[in-house]
Amino acid sequence: MTENGRGLIDVGTDHGFLPLFLAQNGYTGRLYASDINRMPLDSAIRAAREASLEERIGFLLSDGLDACPPDEVDTIVIAGMGGDLICRILDRAEWCLDKRYTLILQPMTKAEVVRYWLVNNGFTLTEEKLVREGFLYQIIKAKYLGNMPLTDAELFSGAYKNIRAETLAGEWLDELIVRFEREERGLLSAGKPEEGRVSICRSVLRGLRQMKGKLV
Ligand SMILES: C[S@@+](CC[C@H](N)C(=O)[O-])C[C@H]1O[C@@H](n2cnc3c(N)ncnc32)[C@H](O)[C@@H]1O
């Protein structure tokens, strides 16, 4: 999902696999591997050294985007973290609210919170991928092209225009439908159901079923 460009930062790089892969596969812009912890950053440096690519990548010990040089990147990748943390990192880096930057985000939890943050902070979700490796991973690409309207259901599933062509779209929507049906049943069986939550569940379910109906 990355495009060749001026530069890319991988926030929370851990072993540095992504910058290393890009350096080995034709990416020509600047590459930064950053992590808040010394140990993962050292292991990223070791991996780059073993591949003789240590000089090709800039290594930053940084909380989120704090140490990122804004003029040297156009793509920000934040993968493998919870949705709340991803939003906190973006909140602290107001400079990324700019047409120059593309965000590629892979939240491990609360993808709906990340989508909500994006579409209410001037971003359009330009591409979304679903990848299954045991867990179903959602990858969101967003550009600062203006707020994008999303339904309640799309906050959870991804924008219909983005996911409809994904091989996993049908099974992903089914998984979400089962999850929200279970939640609705749980709420209704409680002595005093929380009305607001029940109506959100119903609105999400309606949207998910509509999307599923359009797919088949
Ligand atoms: C589960 S790993 C994800 C690694 C890789 N990005 C991936 O997707 O496979 C999460 C990494 O994020 C780092 N991390 C956690 N909070 C961070 C923050 N506020 N800023 C930068 N890195 C952070 C951790 O040290 C860890 O190396």
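Numbering (my numbering), first residue to last: 1428 to 1643.
No residue lacks a Cβ here, since even glycine has one placed at the ideal position from N, Cα and C.
Subject >> Terminal residues of the alpha helix (DSSP H) in which Phe1448 lies >> reply: Phe1444 to Gln1451
**OP:** Could you round the C-beta distance between Pro1534 and Ile1513 to whole angstroms and report it? I think they count as a contact, below 8 Å.
**Re:** 5 Å
Original post:
How about Ala1471 and Leu1449: do their beta carbons lie closer than 9 Å?
Top reply: no
Original post:
Whole alpha helix (DSSP H) runs in the region 1553 to 1630 with 4 or more residues, listed along the chain?
Top reply: 1579 to 1584, 1587 to 1590 and 1596 to 1616
Subject >> With 16 other Cβ atoms within 10 Å as the buried cut-off, status of Asp1601 >> reply: exposed
Original post:
Should Asn1431 be labelled buried (16 or more other beta-carbon atoms within 10 Å of its own) or exposed?
Top reply: exposed
Original post:
Would you say the beta carbon of Pro1467 comes nearer than 8 Å to a heavy atom of ligand 1?
Top reply: yes
Subject >> 8 Å contact criterion, which Lys1537 and Gly1510 should meet: CB distance rounded >> reply: 3 Å
Subject >> Backbone secondary structure at Val1546 - three-state DSSP >> reply: helix
**OP:** Given a cut-off of 9 Å, decide if Cys1495 and Leu1488 are closer than it, judged by their beta-carbon atoms.
**Re:** no
**OP:** Tell me whether Val1546 is buried or exposed, calling it buried when 16 or more other Cβ atoms sit within 10 Å of its Cβ.
**Re:** buried
Original post:
In this structure, does DSSP put Arg1483 in helix, strand or coil?
Top reply: helix
Original post:
Which residue comes first and which comes last in the beta strand (DSSP E) that contains Leu1530?
Top reply: Thr1529 to Thr1536
Subject >> Neighbour-count burial assignment, Val1541, 16 or more Cβ in a 10 Å radius >> reply: buried
**OP:** Can you tell me which of the three DSSP states Leu1488 falls into?
**Re:** strand
Subject >> Ile1463, DSSP secondary structure in three states >> reply: coil
Original post:
Are at least three pairs of beta-carbons, each pair with one atom in the region 1557 to 1576 and one in the region 1520 to 1530, less than 8 Å apart?
Top reply: yes
**OP:** Apply the 10 Å Cβ neighbour rule to Gln1451 and answer buried if 16 or more other Cβ atoms are within range, or exposed otherwise.
**Re:** exposed
**OP:** Using 10 angstroms around the beta-carbon of Trp1522, count the other beta-carbons present and answer buried if the total reaches 16, otherwise exposed.
**Re:** exposed
**OP:** Check Ala1475 in the structure and name its three-state DSSP category.
**Re:** helix
Original post:
Can you name the start and end residues of the alpha helix (DSSP H) that Leu1524 belongs to?
Top reply: Taken as a continuous stretch (DSSP letters only), Leu1524 belongs to no alpha helix (DSSP H), as it is neither H nor E.
Original post:
Under three-state DSSP, which class holds Met1428?
Top reply: coil
Subject >> Cα-Cα separation between Ile1515 and Trp1544, rounded to whole angstroms >> reply: Sequence inspection shows Arg at residue 1515; the Ile mentioned does not correspond to that position. Going by the C-alpha atoms only, they are around 10 Å apart.
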